[in-house]
Each structure stands twice: as structure tokens, then as C-alpha cells.
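Q: Below you'll find the structure I mean.
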Amino acid sequence: MPEWLLLVLATLVACAVVTGAVVLRQRRTEGDDPSETPDVIEYMTMMTGVVYAIVLGLAIAGVWEARNAADDVVKEEAQALHEVHERARVAPPDRRERIRSDVAASVRHTVRTEYPYMKEHGELTARGGRLLGTLRKDVLEWEPRTPREEQAYAAMADRVAAADAARVARADSAEPTLPGVVWFGLYAGAVVSVGMLFALQIQRSARELVLAALFTALIAFLLFLVRHFDEPFARGLTDPAGTFTSLFPRAAGGSGG
Numbered sequence: 001m002p003e004w005l006l007l008v009l010a011t012l013v014a015c016a017v018v019t020g021a022v023v024l025r026q027r028r029t030e031g032d033d034p035s036e037t038p039d040v041i042e043y044m045t046m047m048t049g050v051v052y053a054i055v056l057g058l059a060i061a062g063v064w065e066a067r068n069a070a071d072d073v074v075k076e077e078a079q080a081l082h083e084v085h086e087r088a089r090v091a092p093p094d095r096r097e098r099i100r101s102d103v104a105a106s107v108r109h110t111v112r113t114e115y116p117y118m119k120e121h122g123e124l125t126a127r128g129g130r131l132l133g134t135l136r137k138d139v140l141e142w143e144p145r146t147p148r149e150e151q152a153y154a155a156m157a158d159r160v161a162a163a164d165a166a167r168v169a170r171a172d173s174a175e176p177t178l179p180g181v182v183w184f185g186l187y188a189g190a191v192v193s194v195g196m197l198f199a200l201q202i203q204r205s206a207r208e209l210v211l212a213a214l215f216t217a218l219i220a221f222l223l224f225l226v227r228h229f230d231e232p233f234a235r236g237l238t239d240p241a242g243t244f245t246s247l248f249p250r251a252a253g254g255s256g257g
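For reference, each letter of the sequence shown is one residue, going 1 to 257 in our numbering.
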């Protein structure tokens, strides 16, 4: 089911439940005086809303920061491999082709296999690690003979290490950002916040029903937003492999390596 359709359905269901509960409650308590809401309930409602808004804001900030961190990690990894590919031009022909072939194989596997696997399983593939290990081995086994080759060798060794570190960070970003206990608190807080509408003895007037529905829709949207960015590589990033394919155009098509 598309994410936007899930959001629409969740919002409509939440609004329908709240509106129906308000109407049903009003029919059962025709004699209640809405002006008799105790002051302590109004205070509790205010405090509940403030506390839940803070928690929800922190959750949104947390998942957004994790999303941006995942995006930066992808860019760093792709750029590091691209630097290795370009700096290999200084190496002897046989070594240059071997290193570039290793880079191409690693990039192809990352784009075609590892990213889909990450979305489904939340972890990296073992073959991706082996391909990067092969690249490191071929780079480190090169014995430069000129000062220019030595500079390229040192730069490539650093870039391979950077790519490896970025890949490890990508593995951490493949998992959900928020633990289950936080999600329990977010859902429980939403129930309590919406439930406080009934404590204030909301009536059936069009204005109050619209406000109750809008409040519920806002909470549903914010929870959907948190869920959307909670797993960057599954939903948060529009095109996780875009940086790789922009630097390595052939990685997205052709036969796998």
C-alpha cells in the first residue's frame, strides 16, 4: 500500500472514531452542562498537550537528524569510492584496471543488491564486505615506485578506509531509529491527548467537531511523519542509491558484477 494512501486512511479513521465517539457520548449525556468542567481537568489537558508536544517534537527531530546522517553517509561512501577510481589512473595499467574493476564490482553490488536487501532485512550483505575487502587488498598490495605514485597510494588507502567507515555507519542507519518503547509512548500519548477532549466535555457543535477532527488529523500526520523517517533506507531517503549512480552511471544497469 502506498505511503500516502496509508496516511489518508489512518487520518480518516482517526477522525471518524473521534467524531463518532463525541456524537455517541453527547446522545447519552444530554443533561450534562459543558460549563461545569473542573479547572483541574483543564490544567491536566494543557499539561498533557505540552508534554506530548515536546516528546513528539523530539521524536521528529531525532528521526530527521538520522535521515540526514544516513544521506551524508551515502554521499561520503560514494565519493570515497569515486576518488579511489579516479586516483587509480596513476597506477600501472594492470594495477589500475584491477582497482577500478574492484570499485565497479563494489558499487554495482551496493546499488543493485545491497540497498534492496537493506530495505527488506535492515542489514548489509556479507558479499558487500568481501568486495570492499578485495578492493583494500589490491590497493594495499600495490608497491609505488615514484613520488607521484606514493601520493596516490596514500590517498587511495585513506579513501578505502573512509568508504569502509561509511559502510559501517550505513549499517547502523539501516535499522529503525526509535526503539519500540518510544513508539509505545508516542501512541499512548496520542490516545491520552485525544482522550482529554472527552474530559473537557466537548459538544456536538460543528465548530467543536471540526476542531476535534483537525486535532486528531494533526497528531495522525505527525506520527506518520515520524514513522516515515524512522527507517531512512526503507522510506526516509527518496533515492538512496542516487549518489552512487550519479558518480557511477553504469552501476544501475547492465550485467551485475
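By construction, the Cβ of each residue, glycine as well, lies at the ideal position given by its N, Cα and C atoms.
Taking the CB atoms as reference points, tell me whether residue 241 and residue 111 lie closer together than 8 Å.
A: Against a cut-off of 8 Å, the Cβ pair of residue 111 and residue 241 comes out as a contact.
Q: Residue 84 and residue 103: beta carbons closer than 8 Å?
A: It is a contact, given that the beta carbons lie within the stated cut-off.
Q: Please go through the same chain and pick out, in chain order, the residues whose beta-carbon is closer than 6 Å to the beta-carbon of residue 2, but skip the five residues on each side of it.
A: Within the same chain, residue 2 has no close Cβ partners at all.
Q: Starting from residue 112, trace the alpha helix (DSSP H) in both directions and tell me its first and last residue.
A: Looking at the DSSP string, residue 112 is not in any alpha helix (DSSP H), and its letter there is neither H nor E.
Q: Taking the continuous alpha helix (DSSP H) assigned at residue 126, which residues delimit it?
A: 126 to 140 is the extent of the alpha helix (DSSP H) around residue 126.
Q: Spatial neighbours of residue 152 within its chain, please: C-beta separation below 6 Å, excluding the five flanking residues on both sides.
A: Around residue 152: 87, 90.
Q: Excluding the 5 residues preceding and the 5 following residue 197 in the sequence, name in chain order all residues of the same chain whose CB lies nearer than 6 Å to its CB.
A: These residues qualify, in order along the chain: 212.
Q: Rounded C-beta distance between residue 186 and residue 223? I'm assuming under 8 Å.
A: Right, their Cβ atoms sit about 6 Å apart.
Q: Using C-beta distances below 7 Å, list every residue in its chain close to residue 169, excluding the 5 sequence neighbours before and after it, in chain order.
A: If we look at residue 169 and ignore the five residues flanking it on each side, its Cβ neighbours are 73.
Q: Could you tell me which uninterrupted alpha helix (DSSP H) segments, each at least 4 residues in length, are contained entirely in the segment 138 to 202, listed from first to last along the chain?
A: If we require 4 residues or more, the alpha helix (DSSP H) runs fully inside the segment 138 to 202 come out as 147 to 173, 180 to 199.
Q: In three-state terms, what does DSSP make of residue 237?
A: In the structure shown, residue 237 sits in coil (DSSP, three-state: anything other than H, G, I, E or B).
Q: For residue 105 and residue 159, what's the separation of their Cα atoms in angstroms?
A: Spanning the two alpha carbons is a distance of roughly 17 Å.
Q: Rounded to the nearest angstrom, what separates residue 210 and residue 55 at their Cα positions?
A: Their backbone Cα atoms lie some 25 Å apart in a straight line.
Q: Apply the 10 Å Cβ neighbour rule to residue 114 and answer buried if 16 or more other Cβ atoms are within range, or exposed otherwise.
A: Label assigned to residue 114: buried.
Q: Using the Cβ count rule (16 or more neighbours within 10 Å means buried), how would you classify residue 128?
A: Flag for residue 128 reads buried.
Q: Could you give the distance in angstroms between the alpha-carbon of residue 256 and the alpha-carbon of residue 130?
A: A caution first: residue 256 carries a pLDDT of 38, below 50, which makes its placement in the model unreliable, though a value can still be read off. Going by the C-alpha atoms only, they are around 16 Å apart.
Q: Could you round the C-beta distance between residue 179 and residue 230 to whole angstroms and report it? I think they count as a contact, below 8 Å.
A: That belief does not hold up - the Cβ atoms of residue 179 and residue 230 are roughly 10 Å apart, past 8 Å.
Q: Taking the alpha helix (DSSP H) that residue 246 falls in, what are its first and last residues?
A: Note, residue 246: alpha helix (DSSP H), 242 to 247.
Q: Report all residues from its chain with a CB closer than 6 Å to the CB of residue 235; omit the five preceding and five following residues, and keep chain order.
A: Within the same chain, residue 235 has close Cβ partners 228.
Q: Candidates 181, 216, 101, 60: which alpha carbon is nearest residue 250's?
A: When each option's Cα is compared against that of residue 250, the closest is 101.
Q: Just tell me which of 6, 8, 19 has its CA closest to the CA of residue 207.
A: Here the closest residue by C-alpha is 19.
Q: Of the choices 43, 138, 172, whose alpha-carbon is the least far from that of residue 69?
A: Selected option, being the one with the closest Cα: 172.
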